[in-house]
Amino acid sequence: MADRRAEAIAALTRALGHEFKNKALLEQALTHSSVGEGQALDARGRPFVDNQRLEFLGDRVLGLVVAERLMRENPGADEGALSARLHALVDKPACARAAERLGIGDALRLSPGEAKQGGRRREGVLGDAMEAVLAAVWLDGGMEAAKALFDHAWAEEFARPISTTIANPKSAVQEWSLKHGRGLPTYAVLDRTGSDHAPTFTVEVRVESTEPLTGQGRSRQEAEKAAATALLKREGLV
662 MADRRAEAIA ALTRALGHEF KNKALLEQAL THSSVGEGQA LDARGRPFVD NQRLEFLGDR
722 VLGLVVAERL MRENPGADEG ALSARLHALV DKPACARAAE RLGIGDALRL SPGEAKQGGR
782 RREGVLGDAM EAVLAAVWLD GGMEAAKALF DHAWAEEFAR PISTTIANPK SAVQEWSLKH
842 GRGLPTYAVL DRTGSDHAPT FTVEVRVEST EPLTGQGRSR QEAEKAAATA LLKREGLV
């Protein structure tokens, strides 16, 4: 098993196009939190480190790299269009697809339980690891190395047609609202019509300093998503 992982790491290093000066950074980026199982020290008595802190940093590095490229390549685009494109390029599914192209899953260090449950192919695990690896490259080689990795790993994402829908519109509304200093959005059920087995909910979404909008759906959750989507469309984010 160790030999197999060593081969996977070697293949990943080639795919990254970056030879680490500090190989411990790559090992940390590939270490899932399940390995330590809450322990402060590893088997050798050293402080245990997983990839969560690198993931935090990588999320910021990714946002900056994407924003810079979008600004450079789309000089005429407004903030709404740029934000929508950025959101699609940095979300968890996009990060996970980039990780799959590089072969990160096979190189991950997981607990036996996490591995048995399919952690090497799980979207959340892969997406987090991709961000951690990007951070490791940035720390080891600087911004140009991080940009080179991004351009390579996300090439197919830029080739994908721009979607007019967002997988999680409520999260997108919250991100937009907080970014503009308007606090958390609120949702309220205004009406419920129809029979018990086929109801229709009408939900209103409110964001500070904006006009409220409504959405309808067969469930409260569906109606909230519809209201959030309506707000995103009005603000030019989709």
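Convert by adding 661 to the 1-based position in the sequence shown; the result is the number in our numbering.
The beta carbon of each residue, even a glycine, is placed where N, CA and C say it ideally should be.
Ala671 counts as exposed, since fewer than 16 other beta carbons sit within 10 angstroms of its beta carbon.
When secondary structure is reduced to three states using DSSP, Pro754 falls in the helix class. Excluding its 5 nearest sequence neighbours in each direction, Gly897 has C-beta neighbours in its own chain below 6 Å: Gly741, listed in chain order. In the DSSP annotation of this structure, Pro736 is not part of any beta strand (DSSP E), being labelled neither H nor E. Phe717 sits exposed, since fewer than 16 C-beta atoms from the chains shown fall within 10 Å of its C-beta. For the alpha helix (DSSP H) assignment, the uninterrupted runs of no fewer than 4 residues enclosed by the stretch 757-802 are, from N- to C-terminal side, 765-768, 773-777 and 784-802. The closest CA to that of Gly878, considering only Asp852, His813, Glu668 and Ala749, is found on Asp852.
Counted as a single uninterrupted DSSP element, the stretch harbouring Pro860 is not any alpha helix (DSSP H) but the beta strand (DSSP E) occupying residues Ala859 to Arg867. DSSP lists Val864 as the bridge partner or partners of Val850. Each of Ala797, Lys777, Val864 and Thr875 was checked against the Cα of Arg721, and the nearest Cα belongs to Ala797.
By the Cβ neighbour-count rule, Ser744 is buried, with 16 or more other Cβ atoms within 10 Å of its own.
When DSSP states are grouped into helix, strand and coil, Gly697 belongs to the coil group.
Annotated three-state conformation of Gly719 is helix, per DSSP.
Put simply, of Thr861, Ala685, Val866 and Asp664 the residue whose alpha carbon is nearest the alpha carbon of Gln835 is Val866. Going by beta carbons, Lys753 and Gly788 fall inside the 8 Å limit.
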